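Since the structure comes first, as structure tokens, the remarks are kept for the end.
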DNA sequence: AGCACA
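In UniProt numbering, the protein residues as written are 1 to 477.
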């Protein structure tokens, strides 16, 4: 069959502008290829780290004669071609041009395309982005936008070198947690190059900046709200109303869980999202309603009230500057009731270290207008087994409430969450049967409905019924 | 040391 009639010698190839190099060190860079080949002519393209061992490469000369000169030089040279001390074998490639598999994002340039994973546009201010990327050189312009890929930013530097330095340092890293809103979990940066060379920024706004042009008109409507806090006549900060409430919980003698908060705040309308976190040793929570009116009603009704009788777990409510929380749909510290509730299992990446330990403290003070809450990532780690039976909360530091008025109403079926439970919320069921919490008051379950006087547990004299701390489920009593 | 992810 194969008459092995070698109509061409295996090692003899027709000349090509493209040279095939092998036996390269696997660390070889394009720069080293250029260094090696440049003496023979103009290199128009390279491709290194080719092959399973990443030890082959291609170099394309502008002119065929240049390639020929290199091959013939080393064919008769006593000194072999070398890269990092390794002898490099050179021959004509059997192709005549290098096909760049380089995706556009790999072509270096002075503008970076940054995807900030795991956050929404409102979570990372343009000032934080500016802060982070200024560590590598003067940032000329920033434009942010939301695409299907998520929240993205174009960062324009003076040159490709600076951009490359920033990319190398930051790609895959995370923005330091203290620069982020308290509810943000992990937040990884994916950085590629943009094809842009010069961004066209029309306004200074909360979405785009041109740091080279202070005269640029300011889009106030866009910049307000995001950055400026209103100051009242007495000099006190007036917090603009928001659909998201920030709750500080004083005298937290008993556990205040997501479920407890959901029960309490659902009395005034649909609770969309909840995030619990610690700030300065105090427990705080963000509660998101669909609208400001509902939030205002809840704030009015609940401010200064206690979740449990006896002055325990007293709520202090303010408006958050957030409008849409970005929270893990199901964890022990956060809940998103707008998505189907399935216990999260696969979050193996709970924390990323700070990016620049050395510069971090200096950066902290520069964040504009931020409630910079410290946030212990370990508290945020996803809890996959969420079984509310007595004794299954090893870190539960709280004692049972003194006045278990909720005990009578709990039913086993609704008082346990297991991993196998599929907990699906939709608009109509939201807030009615919250697993882990037994309800015995007629809360107004769904959004939009005005609070019925007396329907809020906190407006009654008794502690909040239905807010049974996990681990103290009454069906065992 | 031998031709490029499909």
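No residue lacks a Cβ here, since even glycine has one placed at the ideal position from N, Cα and C. Values in this document were obtained by computation on a predicted structure and should not be read as measured data.
Are residue i and residue j touching if we call contact CB-CB under 7 Å?
i, j, result
"residue 90", "residue 15", "no"
"residue 286", "residue 218", "no"
"residue 325", "residue 282", "no"
"residue 197", "residue 142", "no"
"residue 173", "residue 189", "yes"
"residue 136", "residue 166", "yes"
"residue 156", "residue 145", "no"
"residue 256", "residue 313", "yes"
"residue 92", "residue 204", "no"
"residue 163", "residue 112", "yes"
"residue 479", "residue 241", "The question about residue 479 has no answer, for the chain in this structure spans 1 to 477."
"residue 186", "residue 118", "yes"
"residue 239", "residue 178", "no"
"residue 139", "residue 211", "yes"
"residue 337", "residue 254", "no"
"residue 184", "residue 123", "yes"
"residue 33", "residue 46", "yes"
Count the other C-beta atoms from every protein chain shown that fall within 10 angstroms of the C-beta of residue i, then say buried if there are 16 or more, exposed otherwise.
i, result
"residue 110", "buried"
"residue 107", "exposed"
"residue 182", "buried"
"residue 78", "exposed"
"residue 215", "exposed"
"residue 62", "exposed"
"residue 295", "buried"
"residue 264", "buried"
"residue 76", "exposed"
"residue 400", "Note that residue 400 scores a pLDDT of 45, beneath 50, so its modelled location is shaky; the value from the coordinates is reported in the next line. Residue 400 comes out exposed."
"residue 262", "buried"
"residue 220", "exposed"
"residue 251", "exposed"
"residue 147", "exposed"
"residue 327", "buried"
"residue 88", "buried"
"residue 332", "buried"
"residue 121", "buried"
"residue 322", "buried"
"residue 195", "exposed"
"residue 270", "buried"
With a CB to CB cut of under 6 Å and the five nearest residues on each side skipped, what residues in its chain are close to residue i?
i, result
"residue 103", "none"
"residue 56", "22, 50"
"residue 299", "245, 317"
"residue 134", "none"
For residue i, which of the options has the nearest alpha-carbon?
i, options, result
"residue 84", "46, 113, 25", "25"
"residue 316", "301, 329, 310, 323", "301"
"residue 272", "297, 100, 334, 309", "334"
"residue 213", "186, 254, 201, 184", "201"
"residue 94", "19, 134, 207, 147", "19"
"residue 99", "206, 59, 122, 73", "59"
"residue 176", "168, 129, 149, 199", "129"
"residue 131", "180, 276, 277", "180"
"residue 280", "207, 70, 249", "249"
"residue 206", "199, 158, 276, 125", "125"
"residue 96", "17, 31, 39", "17"
According to DSSP, residue i sits in a beta bridge with which residue or residues?
i, result
"residue 239", "Residue 239 is not bridged to any residue."
"residue 244", "288"
"residue 150", "147"
"residue 192", "113"
"residue 59", "19, 46"
"residue 259", "DSSP output for residue 259 lists no bridge partner at all."
"residue 328", "Its beta-bridge partners do not exist; DSSP assigns none."
Looking only at its own chain, which residues have a Cβ that is under 8 Å from the Cβ of residue i, when we skip the five neighbours before and after it?
i, result
"residue 42", "61, 62, 63, 66"
"residue 53", "26"
"residue 149", "115"
For residue i, which residues in the same chain have their Cβ closer than 7 Å to its Cβ, ignoring the five residues on either side in sequence?
i, result
"residue 105", "113, 192, 193"
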